[in-house]
Amino acid sequence: MKNGSRAIMALVTAAAVFAPASAGFSASTAPLSMITGHVTSQPIGHYEFCQTYPYECSIRTRSTVAPKVTDHGWETIRKINDEVNRSIIPMTDLEIHGKEELWVYPVLAGDCEDFALLKRKKLQKAGFSLADLLITVVRKPDGEGHAVLTVRTQSGDFVLDNLHEEVKLWSETRYTFLKRQSSTDTGRWVTIENGSSEVLVGALR
């Protein structure tokens, strides 16, 4: 019986080890980082932004290793997220500029991508690399498009959002993640392979 029990335990262990990741996961085993795929279309607003600020869209690196963030770094991330969210009045591009999809650094008011741009700029000034500060396009639960800033770290990909005060791990949000800037080329955009609502719902159970 002892040998039989050991054999059964060995089979159970093997099944657990080799079970596919897509079989479902709890919040404790949710993916820490997004898995990016192929190059995809660049938002028109970002394309036009790059014509004005070419340097910010030409950062290239071979390294794909996310940085380790210190306690001071996390404090800076939270402070800047809160600071921008409180200082900028949320308004649409149509309301502010009279046109759709104009990506600019906001002064008094801005929409979601403007919030993300300002946070990115402030974090860069604080010492973060632009290669790790990636504007990301998501879909909200109601189906509306939205933009947030993703900060790549060794602890995972974290979202700075103008709709929420808390800085959250990406898989702890209710968004469907569609695409973001490439971490190796800030002028390119790539798909997010594990960002579907089905995956994230599984992660949040």
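Just so you know, the sequence shown maps onto residues -23 to -1, 1 to 182 in mature numbering (1 follows the signal peptide of the UniProt record, and there is no 0).
Glycine residues also receive a C-beta, built at the ideal position from the N, C-alpha and C atoms.
With contacts defined as CB atoms closer than 7 Å, ILE54 and GLY87 fail to qualify as a contacting pair. Contact check for PRO44 and GLN101: beta-carbon distance about 13 Å, past the 8 Å limit, so the pair fails to qualify.
Around GLN28, the same chain offers no residue with a beta carbon nearer than 7 Å, after the five sequence neighbours per side are excluded. Two segments are said to touch when three or more pairs of C-beta atoms, one from each, lie closer than 8 Å; by this definition the region 131 to 147 touches the region 47 to 62. Per the coordinates, the alpha-carbon of HIS23 lies some 23 Å from the alpha-carbon of SER173. The straight-line gap separating the alpha-carbon atoms of TRP166 and VAL114 is approximately 10 Å.
In the three-state reduction of the DSSP assignment, LYS96 falls in the helix class, which pools H, G and I. For VAL61, no beta strand (DSSP E) encloses it; the enclosing alpha helix (DSSP H) starts and ends at 48 to 64. Under the DSSP definition of a beta bridge, GLY87 partners with PRO67.
By the neighbour-count criterion, in which a residue is buried when 16 or more other Cβ atoms sit within 10 angstroms of its Cβ, ASP91 is buried. Between ASP134 and MET11, the C-beta gap is smaller than 7 Å, which places the two residues in contact. Where THR29 is concerned, the enclosing alpha helix (DSSP H) starts and stops at 21 to 29.
Judged by beta-carbon spacing, ARG97 lies beyond the 7 Å limit of LEU140, meaning their Cβ atoms are not closer than that value. Excluding sequence positions up to five before and after LEU71, its CB lies within less than 8 Å of the CB of GLU77, all in the same chain and listed in chain order. Of the residues PRO118, ASP138 and GLU121, the one whose Cα lies closest to the Cα of LEU111 is ASP138. For CYS34, the closest alpha carbon among the candidates GLU121, HIS123, GLU170 and ASP109 is that of ASP109.
Taking HIS123 as the centre and dropping the five residues before and after it, the same chain places the C-beta of CYS89, VAL115 and LYS117 closer than 6 Å to its C-beta, in chain order. The alpha helix (DSSP H) runs of length 4 or more contained entirely in the region 147 to 179 do not exist; there are none.
Residue state for ILE36 is assigned as coil, using DSSP reduced to three classes.
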